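In the numbering used here, the protein residues as written are -10 to 181.
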C-alpha cells in the first residue's frame, strides 16, 4: 500500500531539503567549484539521478529561481496603477519582510557561497533575466498590463538591483540588514 500523493510530496520535499543542506555544507567547506554533483548526492544519501530529479544543476541548488506562484504573489499585492519598478521594489521589500529567521539563515548561507564564487556572481545575471521574464509573463497573463521593451528594461534593472542588494549584504558579512541593502540598491537605481 502506498502512502498517496501527500506522502510522496512530503518525501520529495524532505529529499529536496536534504540535498540542499548537503550541498550548502559541502560548498561552505570545500568551495563551490571543488564540489561535484556526485559528492552532493553521496552526502545527501541519494543517487545522482535523484539529484537531477530535484535540481537541473548544482548551480540551481544554490541559485533557485522563484516559482511562478511566487512571482505572481510578488506583484499581485501591489496596486496595478503603480509604475512597474515600484511594483517590483515594493513586492521584493514586502517578500523579504516576511522571511522567517530560518529563511534568512538559508538565504545568507546561499549568498555567502554565491558572493565568494566568481562564476556564480556572473551567473546571477542569467537568473535575474529569467526572473524578470517571469514577472513580465505574469503581468501579461493576468491582464494587468501588456509588456514591451520598456517593461523588459525596467524589470531587468530592478532584478539586477535586487541582486546588487543581496551581494552587498553578503559582501558585508551580513552585518547590515538585508532590507537596508536592498533599499540602498533600489535607491541607487532610481537616482541614476
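All C-beta atoms, glycine included, are put in the ideal place defined by N, C-alpha and C.
Just so we're clear, the structure is a prediction, and the values are computed from it rather than from any experiment.
Test item: CB-CB of residue i and residue j under 8 Å
i: residue 26; j: residue 15; result: no
i: residue 85; j: residue 178; result: no
i: residue 60; j: residue 120; result: yes
i: residue 29; j: residue 40; result: yes
i: residue 173; j: residue 159; result: no
i: residue 96; j: residue 103; result: no
i: residue 78; j: residue 147; result: yes
i: residue 186; j: residue 33; result: Examination of residue 186 is not possible in this model, given that the chain is present from -10 through 181 alone.
i: residue 67; j: residue 76; result: yes
Given residue i as reference, the closest of the options once Cα atoms are compared
i: residue 64; options: 134, 173, 1; result: 134
i: residue 44; options: 77, 7, 67; result: 7
i: residue 81; options: -6, 151, 143, 89; result: 151
i: residue 122; options: 142, 132, 110; result: 142
i: residue 49; options: 113, 131, 91, 149; result: 113
i: residue 136; options: 31, 180, 89, 73; result: 73
i: residue 131; options: 58, 54, -4, -6; result: 58
i: residue 115; options: 165, 52, 140, -4; result: 52
i: residue 17; options: 31, 106, 71; result: 106
i: residue 162; options: 127, 126, 99; result: 99
i: residue 166; options: 128, 88, 129, 125; result: 88
Endpoints, alpha helix (DSSP H) assigned at residue i
i: residue 115; result: 107 to 130
i: residue 147; result: 138 to 160
i: residue 60; result: 57 to 65
i: residue 92; result: 90 to 104
i: residue 135; result: That residue, residue 135, is in no alpha helix (DSSP H); it is neither H nor E in DSSP.
i: residue 37; result: 37 to 43
i: residue 176; result: 167 to 180
i: residue 9; result: -7 to 19
i: residue 83; result: 73 to 86
i: residue 50; result: 47 to 51
i: residue 28; result: 26 to 33
Buried/exposed call for residue i, threshold 16 Cβ in 10 Å
i: residue 47; result: buried
i: residue 35; result: buried
i: residue -10; result: With a pLDDT of only 48 at residue -10, under 50, the local geometry of the prediction cannot be trusted, and the value read off the model is given with reservation. Answer is exposed; the Cβ neighbour count stays below 16.
i: residue 1; result: exposed
i: residue 101; result: buried
i: residue 144; result: buried
i: residue 117; result: buried
i: residue 69; result: exposed
i: residue 154; result: buried
i: residue 111; result: exposed
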